[in-house]
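Asks:
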Amino acid sequence: MSAASSSPSDTPAEPLLVTVRGLSFRRGDRIIFQNVDLDIPRGKVTAIMGPSGAGKTTLLRLIGGQIRPNAGRIEVDGACVHELGRKDLYQLRKRMSMLFQSGALFTDLTVFENVAFPLREHTRLPEHLIRTLVLMKLEAVGLRGARDLMPSELSGGMARRAALARAIALDPMMILYDEPFSGQDPITMGVLIKLIRTLNDALGLTSIIVSHDVKETASIADYIYLISDGLIVDHGPPDALENSSSAWVEQFLHALPDGPMSFHYPAPAYAQDLALEEEPSRD
Amino acid sequence: MGNFKKLELAVGAFVALGLAAFFMLAMKVSNIAELGEDKGYKITARFENIGGLKVRAPVTLGGVRIGRVAGIDLDMRSYEAVVTLSIEPKYNQLPTDSSASILTSGVLGEQYVGLEPGGMDEYLKNGGSLKLTQSALVLEKLIGRMVTNAVSGEKPPPKTP
Amino acid sequence: MIDGLQRLGRSTLGWLNRLGRATLFLLRLLGALGALVRRPGLIIKQLYSVGVLSLPIIAMSGLFVGMVLGLQGYANLVDFGATSSLGTVVALSLVRELGPVLAALLYAARAGSAVTAEIGLMKATEQLAAMQMMAVDPFARVFAPRFVAGFIAMPLLAGIFTAIGILGGYFVAVYQLGVDSGAFWSQMQAAVGLVDDVINGVVIKSVAFGWVANWIAVFEGYDAIPTSEGISLATTRTVVNTALVVLALDFVLTAIFFGV
Chain A
1 MSAASSSPSD TPAEPLLVTV RGLSFRRGDR IIFQNVDLDI PRGKVTAIMG PSGAGKTTLL
61 RLIGGQIRPN AGRIEVDGAC VHELGRKDLY QLRKRMSMLF QSGALFTDLT VFENVAFPLR
121 EHTRLPEHLI RTLVLMKLEA VGLRGARDLM PSELSGGMAR RAALARAIAL DPMMILYDEP
181 FSGQDPITMG VLIKLIRTLN DALGLTSIIV SHDVKETASI ADYIYLISDG LIVDHGPPDA
241 LENSSSAWVE QFLHALPDGP MSFHYPAPAY AQDLALEEEP SRD
Chain B
284 MGNFKKLELA VGAFVALGLA AFFMLAMKVS NIAELGEDKG YKITARFENI GGLKVRAPVT
344 LGGVRIGRVA GIDLDMRSYE AVVTLSIEPK YNQLPTDSSA SILTSGVLGE QYVGLEPGGM
404 DEYLKNGGSL KLTQSALVLE KLIGRMVTNA VSGEKPPPKT P
Chain C
445 MIDGLQRLGR STLGWLNRLG RATLFLLRLL GALGALVRRP GLIIKQLYSV GVLSLPIIAM
505 SGLFVGMVLG LQGYANLVDF GATSSLGTVV ALSLVRELGP VLAALLYAAR AGSAVTAEIG
565 LMKATEQLAA MQMMAVDPFA RVFAPRFVAG FIAMPLLAGI FTAIGILGGY FVAVYQLGVD
625 SGAFWSQMQA AVGLVDDVIN GVVIKSVAFG WVANWIAVFE GYDAIPTSEG ISLATTRTVV
685 NTALVVLALD FVLTAIFFGV
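Listed in order, the protein sequences are those of chains A, B and C.
Each residue of the first sequence is one higher than the one before, counting from 1 in this note's numbering.
Each residue of the second sequence is one higher than the one before, counting from 284 in this note's numbering.
Each residue of the third sequence is one higher than the one before, counting from 445 in this note's numbering.
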């Protein structure tokens with residue numbers, strides 16, 4: 001596995017929205033990230049991929065300021081996230097949105113009220129304006145007709161689309177997607193893929209997608225980071241990674257069952273285990 | 284949210300019900316009627332033994348409540364109990380030679396002070412005191428006396444008034 | 445032996461740790477109260493869930509408890525010929541003890557556990573995290589309204605419980621057992637002091653219990669492990685811990701106000 005922690009000088013030199021330098025984060029005894037560097041360019045869709053448990057969701061939380069790193073620096077639009085006071089952090093968060101894996105719609109509100117929530121909390125717009133805005137957002141995700149349904153009446157895909165409408169309610173500069181495609185049927189996945197890309201370009205957003213659905217994510221990503229074991233294994237535009245020299249990257253991108261990530265969990269020798277051979281020594 | 288109106292109504296009714304409950308507790312259950320009584324005038328009475336008399340015990344005359352026990356003290360020189368009675372202002376025609384006894388209401392009852400009017404034309408005023416008093420009956424002493432009499436075979440002496 | 449001591453030490457530390465977390469939680473909750481003043485609608489909505497919806501169980505239980513007190517009191521007083529004191533017995537039992545305590549226990553079982561489950565579920569489905577990411581403080585939007593509403597509701601419910609209980613005792617005493625109606629009320633009025641019994645009993649106790657019950661209910665939800673098992677554990681803890689703390693607090697308050 002090649003451990004590439006060099007700063008990505010091979011990224012095109014566009015203005016960066018998020019910069020991560022020397023990030024280290026530990027949970028208990030487990031090292032989640034060690035000395036990781038990352039750049040998220042403005043206006044593009046950046047994917048962060050890796051095996052389950054690699055810490056992808058944790059990375060989103062670190063960027064959003066929900067948890068603090070043990071070392072390193074995370075900057076969003078020039079502001080160091082983990083050094084902000086609560087008020088400033090909240091101001092920053094108004095310009096970011098996060099789409100949670102399950103949608104995280106408020107179960108006691110209708111779809112309409114869910115999308116209206118950020119508008120009602122953060123703006124003083126009159127109700128008729130809010131109504132217009134909400135309907136526009138719902139139209140963008142194709143759920144304008146579902147506005148009076150309760151979250152419990154929505155399918156998984158619809159719930160995610162409703163959550164997406166809520167995420168764009170305040171016209172953020174950046175959206176963080178936490179496993180948006182996991183567990184969806186092909187059609188819903190296709191809808192979500194299209195929506196993410198279209199919204200990103202139409203609204204001039206910056207999107208960060210955390211996922212392990214390689215094919216889907218790679219189809220819309222402008223840039224990909226591959227993370228495993230707390231390190232960035234490789235990064236680059238999708239076609240560059242296709243031709244990567246790393247065996248691990250090849251295994252991951254092509255979903256090969258065996259390779260650098262071994263199929264077998266560490267175990268004693270097979271024949272020995274089955275007691276077909278005499279063991280060399282017994283204590 | 285037309286539902287909100289109904290909700291507000293229900294909550295309003297609930298709070299009103301709660302306040303009504305407290306109102307009922309204050310009015311019908313407690314002794315709120317008797318709370319404005321510190322305007323009574325104070326007289327004292329000395330007893331050898333007050334038994335189980337407590338502060339706020341009633342003071343009656345002819346069975347009618349005319350006041351409350353306001354304070355209980357001990358005179359360390361004469362070793363008598365000094366009980367301060369607060370009498371309601373409208374009962375201001377107590378003769379100065381009235382007597383006070385400590386009685387018990389009912390079998391389990393609390394002790395109270397019963398007044399019996401005297402015959403003088405002068406009436407007690409604030410700061411006055413009752414000279415004639417009857418201490419509480421102490422059960423043990425009574426039993427002790429009866430046992431002694433039974434043992435010695437004498438007729439029990441007439442009880443003091 | 446050492447093993448047992450180690451475990452005891454660890455669980456004591458764990459308990460202290462929890463208490464500390466709960467206290468910090470409470471401080472943050474109180475800090476969020478200011479923002480709540482501008483949004484009474486949130487409190488009203490919660491008042492409906494924890495107050496109005498608890499009325500049926502509180503009213504029915506109060507009625508039954510009062511009626512039982514009437515029966516039991518009568519059975520005990522009739523041997524002494526003191527049944528005219530039945531009003532006093534029923535009223536004092538309810539006002540000083542049973543009203544606030546039972547109302548608090550029933551409240552924890554019905555409203556407290558519901559609040560814990562609701563908050564725990566919001567945590568498990570990432571709704572709280574989503575709110576935070578939308579720059580809305582869950583303390584101001586979710587926790588404080590529930591705490592304040594419950595704090596207001598508890599004394600009201602205790603008062604209703606007590607009043608209905610006394611009425612229940614009255615009906616049993618007068619219409620079933622033949623106690624004199626006048627004696628019932630007049631003896632009661634003579635014996636129950638407004639400050640000494642009603643305020644020191646129902647009012648102060650229910651306010652204290654309301655504080656405790658709602659603090660525990662909201663905290664347990666906030667602190668729950670975000671799985672279905674964790675939520676179930678949290679709701680159980682709410683009911684059990686509220687019961688224990690209320691009863692212990694009741695002892696302290698009774699000793700202070702009614703001790704001789």
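The beta-carbon is built from N, C-alpha and C at its ideal position, and this holds for glycine as well.
All values derive from a computational prediction rather than experimental measurement.
Ends of the alpha helix (DSSP H) at residue 160 of chain A?
Replies: 156-167
Asks: DSSP state of residue 360 of chain B, grouped into three classes?
Replies: Correct three-state label for residue 360 of chain B: coil.
Asks: Beta carbons nearer than 7 Å to chain B: which residues of the region 476-496 of chain C have them?
Replies: If the cut-off is 7 Å between Cβ atoms, the region 476-496 of chain C has 488, 489, 491, 492, 495 and 496 near chain B.
Asks: Whose Cβ in chain C lies nearer than 9 Å to the Cβ of residue 106 of chain A?
Replies: Within 9 Å Cβ-Cβ: 566, 571, 574 and 575.
Asks: Please report how far the alpha carbon of residue 215 of chain A lies from the alpha carbon of residue 144 of chain A, in whole angstroms.
Replies: 29 Å
Asks: Just to confirm my understanding: we take residue 555 of chain C, look at its own chain, exclude 5 residues before and 5 after, and list those with CB closer than 6 Å. What are they?
Replies: 494 and 498
Asks: Using only the alpha-carbon positions, how far apart do residue 591 of chain C and residue 661 of chain C sit?
Replies: 8 Å
Asks: Give the straight-line distance between the Cα atoms of residue 479 of chain C and residue 123 of chain A, rounded to the nearest whole angstrom.
Replies: 16 Å
Asks: Can you tell which of A:32, A:148, A:223 and A:192 has the C-alpha that lies nearest to the C-alpha of residue 112 of chain A?
Replies: A:148
Asks: Any idea which residues DSSP pairs residue 19 of chain A with across the strands?
Replies: Note: residue 19 of chain A sits in a beta bridge opposite A:39 and A:75.
Asks: Distance check for residue 332 of chain B and residue 416 of chain B, CA to CA, integer angstroms please.
Replies: 10 Å
Asks: Are the C-beta of residue 118 of chain A and some C-beta of chain C separated by less than 7 Å?
Replies: yes
Asks: Going along chain A, which residues have a C-beta under 7 Å from residue 580 of chain C?
Replies: 121
Asks: With distance defined between alpha-carbon atoms, name the residue in C:586, C:703 and C:656 nearest to residue 489 of chain C.
Replies: For residue 489 of chain C, the nearest C-alpha among the options comes from C:586.
Asks: Could you pull out every unbroken beta strand (DSSP E) segment of at least 3 residues lying fully inside the region 545-599 of chain C, listed in chain order?
Replies: none
Asks: What's the call for residue 681 of chain C, buried or exposed, on a 16-neighbour Cβ count within 10 Å?
Replies: Classification of residue 681 of chain C: buried, given that the 10 Å Cβ count is 16 or more.
Asks: Distance cutoff 7 Å, beta carbons only. Does residue 301 of chain B sit that close to anything in chain C?
Replies: yes
Asks: How would you write the range of the alpha helix (DSSP H) that residue 251 of chain A sits in, first residue to last?
Replies: Counting along the chain, the alpha helix (DSSP H) containing residue 251 of chain A begins and ends at 247-253.
Asks: Sorted by chain position, which residues of the same chain lie with C-beta nearer than 8 Å to residue 5 of chain A's C-beta, five sequence neighbours on each side aside?
Replies: Note that residue 5 of chain A scores 42 on pLDDT, short of 50, meaning its location in the model is unreliable; the coordinates nonetheless yield the value given after this. The residues are 35, 36, 37, 231 and 232.
Asks: Quick one: which residues of the region 63-86 of chain A get their C-beta closer than 8 Å to a C-beta of chain C? List them in chain order.
Replies: 64 and 66
Asks: Using alpha carbons as the reference points, say which of A:97, A:21 and A:189 lies closest to residue 169 of chain A.
Replies: Taking residue 169 of chain A as reference, the option from A:97, A:21 and A:189 with the minimal CA-CA separation is A:97.
Asks: Would you mind stating whether residue 99 of chain A and residue 65 of chain A have Cβ atoms separated by less than 7 Å?
Replies: Contact: no.
Asks: Would you say residue 18 of chain A faces chain C, with C-beta separation under 7 Å as the test?
Replies: no
Asks: Considering residue 223 of chain A, what are the terminal residues of the beta strand (DSSP E) in which it resides?
Replies: 223-228
Asks: For residue 351 of chain B, does the count of other Cβ atoms within 10 angstroms reach 16, so buried, or fall short, so exposed?
Replies: buried
Asks: What does the Cβ neighbour count give for residue 540 of chain C, buried or exposed, with the cut at 16 atoms within 10 Å?
Replies: The C-beta of residue 540 of chain C has 16 or more other C-beta atoms within 10 Å across all chains shown, which makes the residue buried.
Asks: Which residue comes first and which comes last in the beta strand (DSSP E) that contains residue 484 of chain C?
Replies: Segment 484-494 is the alpha helix (DSSP H) holding residue 484 of chain C; no beta strand (DSSP E) there.
Asks: Alpha carbon to alpha carbon, what distance is there between residue 620 of chain C and residue 528 of chain C?
Replies: About 14 Å.
Asks: So with Cβ pairs under 7 Å, would you call residue 344 of chain B a contact of chain C?
Replies: no
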